[in-house]
């Protein structure tokens with residue numbers, strides 16, 4: 002496979018074209034429609050971008066929320082010189098867990114490389130399991146949009162019963 006790729010794949014069958022499109026302004030506008038900045042309480046937050054996309058994509062959004070941000074590994078670098086951007090691995094979250102405590106932060110947030118997943122560290126430096134965070138978010142959504150129709154809550158099949166029970170108790174569809 003490597004030899005074929007290095008030799009060049011040739012033109013795509015059926016033609017096609019490439020167009021560069023700047024999506025950042027539209028992305029930020031869309032995200033901010035879900036957030037009430039006035040409802041955000043002042044927090045000191047350690048953020049770990051893992052040298053991935055969180056800094057340029059999420060950073061400007063967080064800056065609008067009046068948070069006291071302590072930015073770490075915020076600049077993209079595909080060599081990932083500081084640590085692998087996978088907060089699911091315990092060794093990759095040791096830094097942020099320690100930094101939250103050392104900085105007296107209220108919260109820590111660590112992203113994976115492409116910033117489509119984030120993970121939270123509480124004020125004591127403990128990792129917050131994703132299924133419990135999902136349950137809290139589901140509960141909040143179900144209170145905000147009580148239905149009918151009941152909102153559908155999608156979640157990882159590996160989640161504990163806490164998620165399913167919370168969704169059911171809140172009247173949501175799953």
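In my numbering, the protein residues as written are 2 to 175.
Glycine included, C-beta positions come from ideal geometry on N, C-alpha and C.
_What would DSSP say about residue 96, mapped onto helix, strand or coil?_
Indexing the chain shown from 1 puts residue 96 at position 95. Reduced to three states, the DSSP call for residue 96 is helix.
*asked:* Quick check on residue 45: does DSSP put it in helix, strand or coil?
replied: By 1-based counting over the chain shown, the position of residue 45 is 44. Strand.
*asked:* Short of 6 Å in beta carbon distance, which residues of its chain neighbour residue 100, apart from the five on each side in sequence? Order them along the chain.
replied: As a first step, residue 100 must be located in the chain shown, where it is residue number 99. Here the set comprises 47.
_residue 72 (DSSP reduced to helix, strand or coil)_ = As a working mapping, residue 72 is identified with position 71 in the chain shown. Residue 72: strand per DSSP, three-state reduction.
*Just grab the DSSP bridge partners of residue 110 for me.*
The count along the chain shown starts at 1 and reaches residue 110 at position 109. DSSP lists 48 and 121 as partners of residue 110.
_Beta-carbon proximity list for residue 49, same chain, < 6 Å, skipping 5 on both sides_ = In the chain shown, the residue the question calls residue 49 occupies position 48. These residues qualify, in order along the chain: 73, 74, 97 and 111.
_C-beta atoms of residue 149 and residue 173 nearer than 8 Å_ = Taking the first residue of the chain shown as position 1, residue 149 is located at position 148. Taking the first residue of the chain shown as position 1, residue 173 is located at position 172. For residue 149 and residue 173, no; Cβs fall outside 8 Å.
_Start-to-end residues for the alpha helix (DSSP H) that takes in residue 23_ = The sequence position of residue 23 within the chain shown is 22, counting from 1. Unbroken run through residue 23: none, as it is neither H nor E.
*Candidates 147, 146, 130 and 145: which alpha carbon is nearest residue 164's?*
Here residue 164 refers to the residue found at position 163 of the chain shown. Of 147, 146, 130 and 145, the residue nearest in Cα terms is 130.
*Do residue 171 and residue 143 come within 8 Å of each other at the CB atom, strictly closer than that value?*
Here residue 143 is taken as the residue at index 142 of the chain shown, counted from 1. Here residue 171 is taken as the residue at index 170 of the chain shown, counted from 1. Against a cut-off of 8 Å, the Cβ pair of residue 171 and residue 143 comes out as a contact.
*Cα separation between residue 58 and residue 6?*
In the chain shown, residue 58 corresponds to position 57, counting from 1. In the chain shown, residue 6 corresponds to position 5, counting from 1. Taking the straight line from one Cα to the other gives about 30 Å.
*If you compare alpha carbons, which of 162, 60 and 132 is closest to residue 51?*
As a working note, residue 51 is residue 50 in the chain shown. It is 60.
*asked:* Please return the same chain residues whose Cβ sits closer than 8 Å to the Cβ of residue 176, not counting the five positions on each side in sequence.
replied: Within the shown structure, residues of the chain are numbered from 2 to 175, placing residue 176 beyond reach of any answer.
*Measure the C-alpha to C-alpha separation of residue 34 and residue 162 and round it to an integer number of angstroms.*
Within the chain shown, the letter at position 33 stands for residue 34. Within the chain shown, the letter at position 161 stands for residue 162. Roughly 31 Å separates the two Cα atoms.
_Delimiting residues of the alpha helix (DSSP H) encompassing residue 62_ = Along the chain shown, read from residue 1 onward, the residue named residue 62 stands at position 61. It spans 55–64 - the alpha helix (DSSP H) in which residue 62 sits, taken as one unbroken run.
*By Cβ distance, which residues of its chain are closer than 7 Å to residue 135, with the 5 residues on each side in sequence left out?*
Locating residue 135 in the chain shown gives position 134, where the first residue counts as 1. So the list reads 156, 160 and 164, once near-sequence residues are dropped.
_Residue(s) in a DSSP beta bridge with residue 153_ = Within the chain shown, residue 153 is the residue found at index 152, counting from 1. Bridge partners of residue 153: 174.
_Supposed contact pair residue 107 and residue 45 - C-beta distance, whole angstroms, cut 8 Å_ = Sequence index remark: in the chain shown, residue 45 carries index 44 (1-based). Sequence index remark: in the chain shown, residue 107 carries index 106 (1-based). So it is a contact: roughly 5 Å between Cβ atoms.
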